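Just so you know, the UniProt record's numbering puts 146 at position 146 of the sequence shown, and the rest follows in order with no gaps. Please read the structure below before turning to the comments.
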Amino acid sequence: MGIETTTPNRKGNKEIYGLPVETNSHSKPRKCRRRHRKMSPVQRLYQTCKDVFSFCGAGIVPSPEDIQRLRSVLDTMEPADVGLTPELPYFRMTVARRTPAITYLHLHECEKFSMGIFCLPPSGVLPLHNHPGMTVFSKLLFGTMHIKSYDWVADAPEDKSTSANPSPATPPGVRLAKVKVDADFTAPCNTSILYPADGGNMHCFTAVTACAVLDVLGPPYSDPDGRHCQYYLDFPFSHFSVDGVSVAEEEKEGYAWLQEIEKPEDLAVDGAKYRGPKIVEN
Numbered sequence: 001m002g003i004e005t006t007t008p009n010r011k012g013n014k015e016i017y018g019l020p021v022e023t024n025s026h027s028k029p030r031k032c033r034r035r036h037r038k039m040s041p042v043q044r045l046y047q048t049c050k051d052v053f054s055f056c057g058a059g060i061v062p063s064p065e066d067i068q069r070l071r072s073v074l075d076t077m078e079p080a081d082v083g084l085t086p087e088l089p090y091f092r093m094t095v096a097r098r099t100p101a102i103t104y105l106h107l108h109e110c111e112k113f114s115m116g117i118f119c120l121p122p123s124g125v126l127p128l129h130n131h132p133g134m135t136v137f138s139k140l141l142f143g144t145m146h147i148k149s150y151d152w153v154a155d156a157p158e159d160k161s162t163s164a165n166p167s168p169a170t171p172p173g174v175r176l177a178k179v180k181v182d183a184d185f186t187a188p189c190n191t192s193i194l195y196p197a198d199g200g201n202m203h204c205f206t207a208v209t210a211c212a213v214l215d216v217l218g219p220p221y222s223d224p225d226g227r228h229c230q231y232y233l234d235f236p237f238s239h240f241s242v243d244g245v246s247v248a249e250e251e252k253e254g255y256a257w258l259q260e261i262e263k264p265e266d267l268a269v270d271g272a273k274y275r276g277p278k279i280v281e282n
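And the structure:
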């Protein structure tokens, strides 16, 4: 699924974030200012992503200055900037499925980054999943969403046996994680950011109301490059006992055991054409 693109006029002035960086003797400053005023918010987002992720890759996080620059652009984004309203059919409840289908609107993808929007009807769920080697920006455009996220506990042993508590038996390969976020968020709110090793790299989205979240991933998922989307089940810390792992009683709610699973069978993500302002790829 792609978006319609147009080819920029290569004879004109180059622009970064809508600002002219090179002017020839025949160019008029007024024309450049007019171009800057006409740049749409989603085009500005694309240009910023292209610059921020240009020298990044798997496990390489943009500089703090670039993180803040991209976050500032996303913080100002509104539903109308990407052609969305809560009245669109993506956000309606359906009775045909037990688990509501989620709609994904593809804005752009290249080897450096991707941009897209998840549209969730009430009770829609994006199950717990990871973002290997990726820096992810998520901007809630409207609605209320519950986010629960985890980071791996460094150096915590994996349980590869079934010798723990007899009831229930410990599944093989469970791994300890620390809760990073467990709260409701209501738009407008600041953009959330997660990193390859911290910030809540594994997260789950649950729509309290109909909502839309604009996601920027750098770099995007890529099975050939080892960036596969892995899903998990989470269990309370007290559910299992693993040799060599202990947590103070008052801190147990801040930890959980995560177990890798196959993609949930009831997860339905339908692609739909993005119909907001066009993005000119250059």
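The C-beta atom is built at its ideal place from N, Cα and C for all residues, glycine as well. All figures in this text were calculated on a predicted structure; none of them were measured in a lab.
Cβ neighbours of G57 within its own chain (closer than 7 Å, five residues either side excluded): P219. Counting along the chain, I117 sits inside no alpha helix (DSSP H); it lies in the beta strand (DSSP E) bounded by residues S114 to L120.
Under the DSSP assignment, S192 falls in the beta strand (DSSP E) whose first and last residues are S192 to L194. In this model, C204 and K148 are separated by some 5 Å (Cα to Cα).
A straight-line Cα-Cα distance of about 32 Å links P122 and R69. The segment 136-146 and the segment 244-253 do not touch, with fewer than 3 CB-CB distances between them shorter than 8 Å. A direct Cα-Cα distance of roughly 45 Å separates T48 from F240. DSSP places G133 in the coil class of the three-state scheme, outside both helix and strand. Under the Cβ criterion (8 Å, minimum of three pairs), the segment 189-204 counts as touching the segment 110-128. Restricting attention to D266, G59 and Q43, the CA atom closest to the CA of D198 is found in G59. Judged by DSSP in its simplified three-state form, A80 adopts helix.
Across the set I193, S192, D234 and L88, the C-alpha of L88 shows the shortest separation from the C-alpha of L120.
Between the segment 100-120 and the segment 273-281 there are three or more inter-stretch CB-CB distances shorter than 8 Å, so the stretches are counted as touching. A distance below 6 Å between beta-carbons, with the five flanking residues on each side excluded, links Y221 to the following residues of its chain, in chain order: R227 and C229.
A distance of 9 Å or more separates the beta carbons of V73 and I67. Sixteen is the threshold: when 16 or more other Cβ atoms of the shown chains lie within 10 Å of the Cβ of C211, as they do, the residue is buried. In this structure, G116 keeps its C-beta atom at 9 Å or more from the C-beta atom of D234.
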